[in-house]
Amino acid sequence: MSIKFARVEKLFKSPGSHPNGLQSTPDGLWCIDQADNKVYRLDYQTGETLFEAQTDTVSSSGITVGNGYLWVASTYENKIAQLDLKTGATIAKYDSPGSGVIAFNEDQENPQSTGAHGLEWHRGKLYVASPPSQMIHVMNPENWQEEYAFRAPGLRVHGLAWAIDGRLWAADTSAGTICLLDSTSGRVYDVARVEAPTEVHGMTIHEGVLWYCHDTTCDIGRL
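In the working numbering, the protein residues as written are 1035 to 1257.
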């Protein structure tokens, strides 16, 4: 079996200092920043900021759009925030599924509990990537009940992105890989290593191509 590499094409820098989540939409590329906790909508060609809004989320790590709302993983609050799409104002906050201590922090004294990272919306359900549980949780936003969950490969699942065939790409920042998963069982159908030193934090698909953001370099680009 040959080893696949996801080649990195850097396009522009994020307006915030720690971009951590991405979501493609027809009117621009949404980004959530973990430092200033602002949501930005960016132009795909230039990276120009088309819209920005301050949120009350805490060290956020994921963003998606669904049912007319923005959804943001308020990671260090252990919440998922439902936000007004036009203002960024909080509509509601829900407990983040799978919250807890990430495995590599378990031996620390008084380790911090954290929540979700990557988010995706599909057919009325919210898919939530949780590094502490190492699972992807599928939530019904109508009653905030978990419908099912499946194992994510790797130590630290992060960004999610829907493939054309209905399968789900998941990034793992510890392994430096992206994996194509069955969205019910978690069975892995493909895997690629991301060229170092790039780390895929946020991830989305635009016009059939994977986009990423790298938290520490502020790079946004394509894979």
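Idealized CB from N, CA, C, for every residue including glycine.
The closest CA to that of S1108, considering only Q1116, K1159, D1070, S1094, is found on S1094. Between the alpha carbons of G1055 and G1152 lies a gap of roughly 7 angstroms.
Residue pairing of T1238 in beta bridges, as defined by DSSP: W1245. Nearest neighbour of G1122 by Cα position, chosen from W1064, E1241, L1045, turns out to be W1064. With distances taken between CA atoms, F1039 lies nearest to T1232 out of T1232, H1248, I1254. Closest option to V1243, judged by alpha-carbon separation, among V1099, E1229, I1198, S1219: I1198. Excluding sequence positions up to five before and after G1062, its CB lies within less than 8 angstroms of the CB of R1075, L1076, D1077, Y1078, L1084, F1085, all in the same chain and listed in chain order. The residues T1124, in chain order, have a CB closer than 7 angstroms to that of D1090 in the same chain once the five nearest residues on each side in sequence are set aside. Q1068 counts as buried, since at least 16 other C-beta atoms from the protein chains shown sit within 10 angstroms of its C-beta. The C-beta of Y1161 has 16 or more other C-beta atoms within 10 Å across all chains shown, which makes the residue buried. Rounded to whole angstroms, the separation of the alpha carbons of E1176 and L1257 is 34 angstroms. The three-state reading of DSSP puts N1139 in helix, counting H, G and I together. Here DSSP, grouped into helix, strand and coil, assigns Y1110 to helix. Linking H1248 to G1236 through their CA atoms gives a straight-line distance of about 7 angstroms. Here S1058 has T1238, I1239, H1240, W1245 as same chain residues with Cβ atoms under 7 angstroms from its own Cβ, once five neighbours each way along the sequence are excluded. Between the alpha carbons of K1072 and G1158 lies a gap of roughly 25 angstroms.
Within a 10 Å sphere around the beta-carbon of P1165 sit 16 or more other beta-carbons, which makes this residue buried. In terms of Cβ geometry, A1163 and A1195 do not form a close pair [threshold 8 angstroms]. Under the three-state reduction of DSSP, K1072 is assigned to strand. Around the beta-carbon of P1060, fewer than 16 other beta-carbon atoms lie within 10 Å, marking it exposed. Bounds of any beta strand (DSSP E) do not take in E1229, whose DSSP letter is neither H nor E. Taking the Cα positions, M1169 is about 16 angstroms away from W1155. A residue is called buried when at least 16 other Cβ atoms come within 10 angstroms of its Cβ; A1205 meets this threshold and is buried.
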